[in-house]
Amino acid sequence: MDDVELIVAGHCVQLERFVRRGGAWRTIEFPSSVAVIPHPDGGVALFDTGYAPRFHAATAAWPYRLYAALLPVTCTDADSAVSQLRERGVEPGQVRLIVLSHLHGDHVAGLRDFPEARIVIGDEALPDGWRDRAAWTNTRHGFVPALLPDDIEERLLPLRELTVRPSGLGGRLRNGYDLFGDGAAFVLPLPGHTEGHLGLWLSNEGKDGVLLVGDAAWTERAYTHGELPLPALRGDRRRYQEVVGELARLHRERPDLAIVPSHCWPSIRRARQVFGG
1 MDDVELIVAG HCVQLERFVR RGGAWRTIEF PSSVAVIPHP DGGVALFDTG YAPRFHAATA
61 AWPYRLYAAL LPVTCTDADS AVSQLRERGV EPGQVRLIVL SHLHGDHVAG LRDFPEARIV
121 IGDEALPDGW RDRAAWTNTR HGFVPALLPD DIEERLLPLR ELTVRPSGLG GRLRNGYDLF
181 GDGAAFVLPL PGHTEGHLGL WLSNEGKDGV LLVGDAAWTE RAYTHGELPL PALRGDRRRY
241 QEVVGELARL HRERPDLAIV PSHCWPSIRR ARQVFGG
């Protein structure tokens, strides 16, 4: 692959009002997007992995089935990131690096399909004692341990091993972790929705770059109109609103910069136009 591509690996459904104040009391689709990024040393890197069919098995038992019931998921084998990459001639072993915005099931369900990839997560993303933590606690936090590979700790690429450089975004986002060492992709802390939540800034894409923000915003109207999701989706509300404030600033100051929440169809479609896919 020569160009960045944004694919959708499954989706869930929920009320629009669930994710933005003033939204309609109607069920809408929330795509689970995955960015496929050419790696400078060959192969590709991913931002998130989306859903995969194993999500259904991992959430079949109590209490994880509550998670699946709250956000009903559709994902076939063909929908999975690994299948879509194979259609593009990319085998699982060619995925060199995966940046995870956070560890909720809709972002990590495909992780086991890429056993050779190094994994970048936020410093506080993986909870202490996660293998033994109570299932009810996991469910409350949208965390499904069965979706993580058994060797995840050995495959982690700590943020401290990446060089911190000016991102060019200013404000709280002025510095980022240079993912490839060439200034083309910066990992950015975007805390609030979860501990250690990350975004990815692709500085060379389009007219003024593309900022992948995971669940720092569920829809673009969070930063264009201040329509935030329900409090339960904000995690640390103060930090969540600080990050949304930064996204709103970028939206005002840099209208050609594409901001892409993971589950926002309008933003995904515009990003695809930027990427040319």
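Numbering-wise (the numbering used here), the sequence shown opens with residue 1 and increments by one. Note that beta-carbon positions come from the ideal geometry of N, C-alpha and C, so glycine has one too. All values derive from a computational prediction rather than experimental measurement.
For residue i, which residues from the same chain have a beta carbon less than 7 Å from its beta carbon, with the 5 sequence-adjacent residues on both sides left out?
i      : result
Glu246 : Gly171, Arg172 and Leu173
Ala271 : Leu6, Val210, Ala258 and Val260
Lys207 : Asp256
Asp182 : Pro40
Ser83  : Asp77
Ala248 : Tyr223
Rounded to a whole number of angstroms, what is the C-alpha to C-alpha distance between residue i and residue j?
i      : j      : result
Asp236 : Gln94  : 36 Å
Arg160 : Arg269 : 34 Å
Thr163 : Leu188 : 12 Å
Gly142 : Ser32  : 15 Å
Gln14  : Glu154 : 36 Å
Gly277 : Leu6   : The predicted model places Gly277 with a pLDDT of 48, which falls under 50 and marks its position as unreliable; any figure quoted below should be read in that light. Answer to the nearest angstrom: the Cα atoms are 8 Å apart.
Glu205 : Asp150 : 35 Å
Leu190 : Ala52  : 25 Å
Leu212 : Leu228 : 18 Å
Val90  : Gly43  : 8 Å
Val19  : Leu230 : 6 Å
Leu103 : Arg140 : 13 Å
Leu66  : Asp256 : 40 Å
Trp265 : Leu71  : 17 Å
Glu87  : Phe47  : 18 Å
Asp147 : Ala57  : Inspection of the sequence shows that residue 147 is occupied by Leu rather than by Asp. Computed Cα separation, rounded: 10 Å.
Glu253 : Arg239 : 21 Å
Ala61  : Arg26  : 28 Å
Asn138 : Pro127 : 10 Å
Ile152 : His225 : 38 Å
Glu16  : Arg165 : 38 Å
Ala217 : Gln241 : 10 Å
Glu35  : Gln273 : As written in the sequence, residue 35 is Ala, which differs from the Glu given in the question. Roughly 14 Å between the two C-alpha positions.
Asn175 : Val99  : 17 Å
Ser262 : Cys75  : 16 Å
Ser267 : Leu85  : 22 Å
Thr219 : Glu195 : 20 Å
Going along the chain, which residues of its own chain have a beta-carbon closer than 6 Å to the beta-carbon of residue i, five neighbours each way excluded?
i      : result
Phe180 : Pro40
Arg68  : The question names Arg, but residue 68 is Ala in the sequence shown. The residues are Thr59.
Ile28  : Glu16
Ala232 : none
Within the same chain, show all residues whose beta-carbon is closer than 8 Å to that of residue i, passing over the 5 residues directly before and after it, in chain order.
i      : result
Leu157 : Leu97, Arg118, Ile119 and Val120
Arg221 : Arg20 and Glu227
Ala185 : Ile37, Ala45, Asp178, Leu179, Leu200, Trp201, Leu202 and Ser203
Gly22  : Glu227
Can the beta-carbon of residue i be found less than 8 Å from the beta-carbon of residue j?
i      : j      : result
Ala24  : Gly50  : no
Val244 : Tyr223 : yes
Ser101 : Asp215 : yes
Ser80  : Asp113 : yes
Asp77  : Phe275 : no
His193 : Gly122 : no
Leu111 : Leu169 : no
Pro145 : Pro115 : no
Between residue i and residue j, which are expected to be in contact by the criterion C-beta below 8 Å, what is the C-beta distance as a whole number of angstroms?
i     : j      : result
Val73 : Cys12  : 5 Å
Phe55 : Gly105 : 6 Å
Tyr64 : Ala125 : Actually they do not touch by this definition, with Cβ atoms about 19 Å apart.
If you pair each beta-carbon of the segment 130-140 with each one of the segment 192-201, do three or more pairs fall below 8 Å?
no
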